[in-house]
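Taking it in order: structure first as structure tokens, then the write-up.
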Amino acid sequence: MDETLNEYALEVGTKLRDNDINTEVFLEDKKFKAKLKYADKLAIPYVIVIGEDEAKDNKVTLKNMVSGEQETLKVEEVSKKIKSE
109 MDETLNEYAL EVGTKLRDND INTEVFLEDK KFKAKLKYAD KLAIPYVIVI GEDEAKDNKV
169 TLKNMVSGEQ ETLKVEEVSK KIKSE
């Protein structure tokens with residue numbers, strides 16, 4: 109995630125917390141693989157990936173850390189998806 113997307117990432121984090129989803133926003137300048145390894149080490153079941161395309165479309169990519177499946181969703185859809193599984 110590019111530093112220019114930090115504001116959007118923080119907005120997404122706030123929206124998820126407002127919907128009772130425990131959220132940690134990882135803003136450190138690390139390689140993507142290191143960020144996923146961090147989430148895996150903490151047994152975080154889902155990660156959200158935000159790139160330029162996602163931010164432009166007001167979406168995020170939700171990755172299930174157990175199955176490896178991922179899909180691009182509107183921010184409002186993420187809470188519903190997580191709570192339904």
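Each position in the sequence shown, counted from 1, maps to that position plus 108 in our numbering.
Glycine included, every Cβ here is placed at the ideal spot set by N, Cα and C.
Remember, predicted model here, so these are calculated numbers, not experimental data.
Leaving aside the five residues before and after residue i along the sequence, list all residues of the same chain whose C-beta is less than 6 Å from its C-beta, in chain order.
| i | result |
| --- | --- |
| residue 134 | 143 |
| residue 153 | 173 |
| residue 159 | none |
Quickly, what does DSSP pair residue i with across the bridge? List them, please.
| i | result |
| --- | --- |
| residue 156 | 170 |
| residue 179 | 170 |
Which same chain residues, not among the five before or five after residue i, have their C-beta less than 7 Å away from its C-beta?
| i | result |
| --- | --- |
| residue 155 | 144, 147, 171 and 173 |
| residue 129 | 187 and 190 |
| residue 116 | 158 and 163 |
Measure the C-alpha to C-alpha separation of residue i and residue j and round it to an integer number of angstroms.
| i | j | result |
| --- | --- | --- |
| residue 166 | residue 187 | 15 Å |
| residue 139 | residue 192 | 30 Å |
| residue 150 | residue 125 | 18 Å |
| residue 180 | residue 114 | 18 Å |
| residue 176 | residue 168 | 16 Å |
| residue 137 | residue 112 | 12 Å |
| residue 121 | residue 178 | 18 Å |
| residue 141 | residue 182 | 24 Å |
Take the Cβ of residue i as the centre, count every other Cβ of all protein chains shown within 10 Å, and call the residue buried at 16 or more, exposed below.
| i | result |
| --- | --- |
| residue 118 | exposed |
Among the residues of its own chain, which have a CB less than 8 Å from the CB of residue i, if the five just before and after it don't count?
| i | result |
| --- | --- |
| residue 184 | 123 |
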